[in-house]
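To start, the structure under review is shown below, and the notes come after it.
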Amino acid sequence: MLERYEEYIVMMLLASCFAILIGLIMSYIQSRRITSPLKEINKGVMEIASGNFSKRIPSTQDEIGQLASSFNYMADSLERLEDMRARFISDVSHELRTPMTSISGFVGGILDGTIPADKEREYLEIVYDESVRLTKLTNDMLEMTKMQSSEFKLDVSQFDVNELIRMCIIQSEQKIDSKNIELEVSFDPDKMMVLADKDAIKRVIINVLDNAIKFSHENTKVIVKTEILEKCAHISIGNFGAGINDDEIASIFDRF
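Here's what the structure looks like:
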């Protein structure tokens, strides 16, 4: 009887040790399942902090997987912001280089006497034009950055787009006269109410109208036309000039 009791005790101890061993092994495996993804996420955070915004974490269907998905979403957002920052710096460098070079070159020529005194006014007018263009470029880039922001909102209101076009034409009157351009305007109907961001539409009209005038041949015509097609307001501005090269037409909606 005593021997059987001792055997029972030994079996219980062996079973307990085996159960504890199995429990430790399972705990180790489970802790590895938890800590490995967390270590991977921590490694990813460190890589992003060092500037590697392309780092992504494999995700699963559990809570750790949800955390990995949130990390990947954050990484996507940071990568887009970094790309936007890099493109903006590249655009600024590219677009500002030409007017800055012209301004510094002409001013330097005036100061060191390279440019004759009787030509100074002519070159100062060029410097002034370049400085105006520089201001416009800066404003355009700031506006572009603001529009790409998630906080950008349109200020939508109802207004007469034909009246807005008339104001833009008056604003461009001096440029039109300087090239002896005939302006042909056709509004159908005479008053066209639209629902849009008035300032944004004005910028578009001014930009297109300026280009139409700038690239028109002298003594030609610029045609401005509005009409209603399929319950939408259509605005067209045409000119007579060299036109856009066929290989550049596909890029006309690219920035700058």
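Here this note's numbering is used: the first residue of the sequence shown is 6, the next is one more, and so on. Even glycine gets a Cβ: it sits at the ideal position worked out from N, Cα and C.
Counted within 10 angstroms of its Cβ, other Cβ atoms place residue i as buried (16 or more) or exposed
i      : result
Ser154 : exposed
Ile186 : buried
Thr119 : exposed
Ser177 : buried
Met198 : exposed
Where residue i falls: helix, strand or coil (DSSP)
i      : result
His239 : strand
Phe154 : Correcting the residue identity first, residue 154 is Ser in this sequence and not Phe. Coil at Ser154, not helix or strand.
Phe192 : strand
Gly246 : strand
Rounded separation between residue i and residue j - CA only
i      : j      : result
Arg92  : Ala80  : 18 Å
His222 : Glu87  : 43 Å
Ile108 : Asp134 : 9 Å
Leu159 : Asp202 : 6 Å
Asn212 : Asp145 : 11 Å
Ile131 : Phe111 : 8 Å
Ser256 : Ile249 : 10 Å
Leu139 : Ile94  : 15 Å
Ile218 : Ile115 : 31 Å
Gln179 : Cys173 : 12 Å
Own chain residues within Cβ distance below 7 Å of residue i, not counting five before or after
i      : result
Phe192 : Asn167 and Thr231
Limits of the unbroken alpha helix (DSSP H) element including residue i
i      : result
Ile211 : Lys203 to Lys219
Asp259 : Premise fails: Asp259 is in no alpha helix (DSSP H) and is neither H nor E.
Ile181 : Glu178 to Ser183
Ile254 : Asp251 to Ile254
Endpoints, beta strand (DSSP E) assigned at residue i
i      : result
Asp165 : Val161 to Asp165
Thr231 : Lys226 to Leu234
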